[in-house]
């Protein structure tokens, strides 16, 4: 509900009453008894403001939108008068945030109004920024793209997208890159949760959060490992604290740093950065030793847990303490708390993912929950908190270098599927790509360069890259380059490019750190409050945003900019073949309907624009406990139709609130584990054994559904004639009629089959997760026992180094472990939030946290300026914060700062009036090389450094 004014009292900002009204109504502002007695005559003097706050009595229009910071998905009421966003309120009736805001969310209105935004297109000429018209900018940029494509091939241009896109914009960007003839496109998920997506999807089918924030209220234990929601996802804390209150949940925090979340925990465990797998195996050692595992669950729903037991046997308490630093008593106590308080869940974020071994970490977390029988249960789950407001959706919509929308991959069949959705000739689409075969294969079917490695895509020699040439141009479209490692090499890569294009509401660090004098363009993109569409929250719910205000200055929505560029590049007709164009803005609803037609794999087919808008207009009808609508026009739906929302919108599937929950029928949101990996492995069946969803007509494991399977079961004639024609020779994810899914669900079966989750991912470098030391480790005594991998000649088109780096001992010169993380005041690379005065006032300086003992050893005092030098020579000048939050051998820095580079201010390099209120050194100037063996995730959570006093 919203609180509305019923009296004629002038309206005040926000809810409730102003301080002046309070004083007036209490009598304190009059000569009454309360005023005289409470304050006394000397305290009460008339104060005359120099200027009165402007007040408009223009009609108020209220728009519903979603916070654009983290992925909690908080609802916001935006009040608009005469086209100006004048007030905002957290939505008290929203089923996720229920009237709560963090500092970032409370500042949203200033994001739209910030004077520090880009105001018009610009280019750098002779070291000076020059204003351009949009026509001139699009013409020049387009001409250069065509020139580079002709000279060097389509893979020479990199289209780096954004987790700040709506679902529709993310989908359109991936389609744009495809029609441009390249897989060199990606977004922030690569450097935040790509190891989650790969690790979790390859364990049980889908690489996403299994439950919801609301369902945390039902947990009896919650273990946070590499996650600090008090700062990264503050509004999620209300659900976590309700779990303590309602379910007496044990809150366990495992982190190298005593965080604000740890301050709310029942139990805190400090581990050495980079030792997550050893820690999890240490817990499982005690769980197996004491018989605390859920053996029936394992027998029915888990494959290869015995292989895990064999690996865990190598990690007795003494070895775990040697690797992690955690004593046996603490390990036993943690394992006991988890075992005695079920259902329980595990929560992780970038502290667990940003490692060379990130995929091993995420799979180990999953295996722990499988051993305890916590997956597919209310209060249980693997609850992955995503960082950006639409990083989940942008991933689902395929804005990445290794897949098309819906995780279809890059095979010929995948391209033909999407060519059919796009109503394009497959051969024409194929002709857009370089036709040469390289080390990784043909470019159309080989993963493109990742955002984490675009630097090497520029700097490597052509003969070492699995495409025609190195990268020649970069589009940074809603991306903070200071959130990436190896800042000094990044600057070299920027200088080598022939063109840089920054598309963003702000200039960003990319616009100033390059040390170039020309070849850089700035295009002002609208904020997400100046456009509309859907975004996917961390729990897989899709939410619809209204357009709050029209784009400020000369900014344009991202999808409009894509349209203008595609016109100049010559493929607008193909890109928007089934999408209406109004002026120069594509119709968002048409884009939603297009991906609805194609994304059968993850169930993005049932969330039509109409259903999403109905949910948006009826927030108040959805339960804060389980997200289900109680009456109203969406009665029975789960809020946001969390995917998979099976079948077409007409099927009215309610969405899936908890993945793999067999206690519900599939038609009501229940699910099994996905049969994604066949029916057997090396002779051992991997389908579920005597486990199935409620009401299922198949009471055992079964493979994924296909036309042939329907015929074998005798269910084929349940399809209509039209569905039969479309489904012939197809399966559940390629049948565009939805008939196969409809019939499977009519029998309460999961369209994707019913299998066991697998502990052995036989396609990964380490089929069973292993502990491996970081590339830059201070524990040289562990390298021989737990070495990294051998170097790889080509991975995502680039050579990737492991052993050749680890074999060099950097710990003598750089003995201190360096890690990084978030602050509550800022988000991502920080350019947006540091450009808001309200937030900038709260956190004004970049800093490094140093343990008192280490500070004393270094002769550093609190408040001193120090140089932090990374193991590859990058140096940053920051203020020392001496605190016991970190261990003696570890230092911590936030990653939200930019605008300084190795001691030099870049403030004068921003276009006039766009310098953020707060600038500072980027921690990633000092971070080092290191990439996950499956996804190319960057390693930011455990590298080495040295510290000295700045003169």
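In this note's numbering, the protein residues as written are 205 to 1155. Note that the Cβ used here is the ideal one computed from N, Cα and C, for glycine as well. None of the values given here were measured: they were computed from a predicted structure.
With respect to the alpha helix (DSSP H) encompassing residue i, which residues constitute its N-terminal and C-terminal limits?
i: residue 485; result: 480-493
i: residue 915; result: 911-917
i: residue 984; result: 984-987
i: residue 408; result: 398-408
i: residue 815; result: 813-820
i: residue 556; result: 554-557
Where does residue i land, buried or exposed, given buried means 16+ other C-beta within 10 angstroms?
i: residue 263; result: exposed
i: residue 335; result: exposed
i: residue 1155; result: exposed
i: residue 495; result: exposed
i: residue 757; result: exposed
i: residue 837; result: exposed
i: residue 259; result: exposed
i: residue 751; result: buried
i: residue 841; result: buried
i: residue 337; result: exposed
i: residue 361; result: buried
i: residue 1065; result: exposed
Quick check on residue i: does DSSP put it in helix, strand or coil?
i: residue 582; result: coil
i: residue 698; result: helix
i: residue 732; result: coil
i: residue 271; result: coil
i: residue 642; result: strand
i: residue 461; result: strand
i: residue 571; result: helix
i: residue 899; result: coil
i: residue 1080; result: strand
i: residue 435; result: helix
i: residue 737; result: strand
i: residue 243; result: Note that residue 243 scores 32 on pLDDT, short of 50, meaning its location in the model is unreliable and no value can be drawn from it.
i: residue 998; result: strand
Where does the unbroken beta strand (DSSP E) through residue i begin, and where does it stop?
i: residue 335; result: 332-335
i: residue 427; result: 425-429
i: residue 327; result: 326-329
i: residue 1021; result: 1020-1025
i: residue 471; result: 471-473
i: residue 1147; result: 1147-1153
i: residue 532; result: Note, residue 532: premise wrong, no beta strand (DSSP E); alpha helix (DSSP H) at 532-544.
i: residue 364; result: 361-364
Taking the alpha carbon of residue i as the reference point, which residue from the options has its own alpha carbon closest?
i: residue 781; options: 744, 376, 715; result: 376
i: residue 1038; options: 1111, 996, 1063, 1053; result: 1111
i: residue 460; options: 476, 492, 1067; result: 476
i: residue 492; options: 503, 821, 539; result: 539
i: residue 985; options: 554, 1060, 523, 890; result: 523
i: residue 723; options: 285, 333, 385; result: 333
i: residue 1003; options: 331, 621, 662, 902; result: 662
i: residue 1145; options: 1020, 1118, 1125; result: 1020
i: residue 463; options: 544, 555, 270; result: 555
i: residue 622; options: 352, 799, 1040, 1133; result: 799
i: residue 304; options: 273, 265, 983, 439; result: 439
i: residue 710; options: 321, 349, 884; result: 321
i: residue 285; options: 531, 274, 340, 265; result: 265
i: residue 699; options: 708, 309, 714; result: 714
From residue i to residue j, what does the alpha carbon distance come to, in whole angstroms?
i: residue 1009; j: residue 1143; result: 13 Å
i: residue 738; j: residue 1153; result: 49 Å
i: residue 279; j: residue 479; result: 37 Å
i: residue 1077; j: residue 897; result: 56 Å
i: residue 788; j: residue 766; result: 10 Å
i: residue 601; j: residue 547; result: 32 Å
i: residue 1150; j: residue 1034; result: 25 Å
i: residue 1141; j: residue 395; result: 5 Å
i: residue 421; j: residue 686; result: 36 Å
i: residue 935; j: residue 956; result: 9 Å
i: residue 345; j: residue 426; result: 50 Å
i: residue 382; j: residue 658; result: 18 Å
i: residue 535; j: residue 269; result: 44 Å
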